[in-house]
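Student: Handing you this structure, nothing more for now.
Numbering (our numbering), first residue to last: 304 to 593.
Structure (structure tokens):
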């Protein structure tokens with residue numbers, strides 16, 4: 304495990320000397336544009352483990368992606384090695400179809416403190432709810448980014464993240480009512496406290512999420528990657544490409560349904576992923592929006 308190999312993976316060639324917000328943002332953006340948010344291991348017979356060496360091998364050496372416990376654990380390690388003041392937090396993800404927050408803490412994120420200011424760095428959410436810049440941990444302040452306007456609010460020591468999106472243009476009208484499309488313009492994302500967490504706090508969740516029939520991740524095969532203009536997503540057989548703000552206050556969302564034989568080719572061409580085992584795509588309706 305070494306930083307040079309990690310930065311070769313993400314393509315980052317900037318400074319490693321400064322522990323400032325500008326450097327943090329640059330490192331972070333290279334990560335989310337090189338490393339997919341994906342759960343494909345579950346659907347090709349592999350087990351997801353939380354040992355950092357395994358995460359490093361998977362993402363850096365095998366050029367795969369991972370979910371939040373992998374992506375953000377690796378990011379946290381990189382930032383700590385560079386001298387940043389980092390800690391892990393745990394969040395409860397909002398389910399838009401049930402209109403409630405999860406009762407299990409399934410989302411791992413990173414808090415970074417720079418010059419006395421706290422920021423949330425989350426490289427493991429994917430699709431349109433993936434932040435592109437570290438977010439200052441301040442309540443009630445709109446924080447506009449390319450994906451839309453993010454905002455934290457704090458009530459009784461509980462922090463809530465929400466996102467306001469633009470209108471959507473969907474050229475393929477067959478998908479205009481897709482359950483993958485978020486219908487609301489303001490969407491709750493997750494809630495969390497500032498209690499420091501460790502990877503050990505996520506052992507049960509890691510097993511649960513990849514084995515329970517109630518888990519979103521057993522119901523859908525997901526691979527998403529941020530681009531310089533938006534993001535790509537492959538959910539089951541549905542490939543989408545979103546371009547942010549392609550017109551004033553309008554995002555372009557393009558859908559296509561793939562044949563079985565096109566799935567692995569698309570993973571290679573659009574996400575730079577080559578799987579060791581055969582993927583069995585799945586997309587059970589509900590619980591996930593882009």
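All residues carry an ideal CB built from backbone N, CA and C; glycine is no exception.
#1: Specify the secondary structure class of residue 438 as computed by DSSP and reduced to three states.
#2: Looking only at its own chain, which residues have a Cβ that is under 7 Å from the Cβ of residue 465, when we skip the five neighbours before and after it?
#3: Mapping the DSSP letters down to three states, classify residue 335 as helix, strand or coil.
#4: Helix, strand or coil, according to DSSP, for residue 487 in the structure here?
#5: Which residue marks the beginning of the alpha helix (DSSP H) containing residue 521, and which one marks its end?
#6: Should residue 354 be labelled buried (16 or more other beta-carbon atoms within 10 Å of its own) or exposed?
#7: Give me the residue from 441, 450, 557, 521 with the minimum Cα distance to residue 461.
#8: Given residue 511, which residues of its chain have a CB within under 6 Å of its CB, disregarding the five upstream and five downstream residues?
#9: Under three-state DSSP, which class holds residue 445?
#10: May I ask you to list the residues that DSSP assigns as paired with residue 560?
#11: In three-state DSSP terms, what is residue 578?
#12: What residue ranges within the segment 338-396 form continuous alpha helix (DSSP H) runs of no fewer than 4 residues, ordered along the chain?
#13: Please report the distance separating the alpha-carbon of residue 567 from that of residue 593.
#14: Following the continuous alpha helix (DSSP H) through residue 514, name the residue where it begins and the one where it ends.
#15: Specify, as a first and last residue, the run of the beta strand (DSSP E) that residue 453 falls within.
#16: Based on Cα-Cα distance, which residue from 498, 535, 370 lies nearest to residue 343?
#17: Under 8 Å, with one C-beta from each stretch per pair, do the segment 350-365 and the segment 390-398 reach the 3-pair mark?
Tutor: The structure says:
#1: Strand at residue 438.
#2: 454, 489, 490, 491, 492
#3: helix
#4: coil
#5: 519-522
#6: So residue 354 ends up on the exposed side.
#7: 441
#8: none
#9: strand
#10: According to DSSP, which records beta bridges pairwise, residue 560 is partnered with 541.
#11: coil
#12: 355-359, 371-384
#13: Looking at the backbone, the Cα of residue 567 and that of residue 593 are separated by about 21 Å.
#14: 506-514
#15: Segment 451-458, the beta strand (DSSP E) holding residue 453.
#16: 370
#17: no
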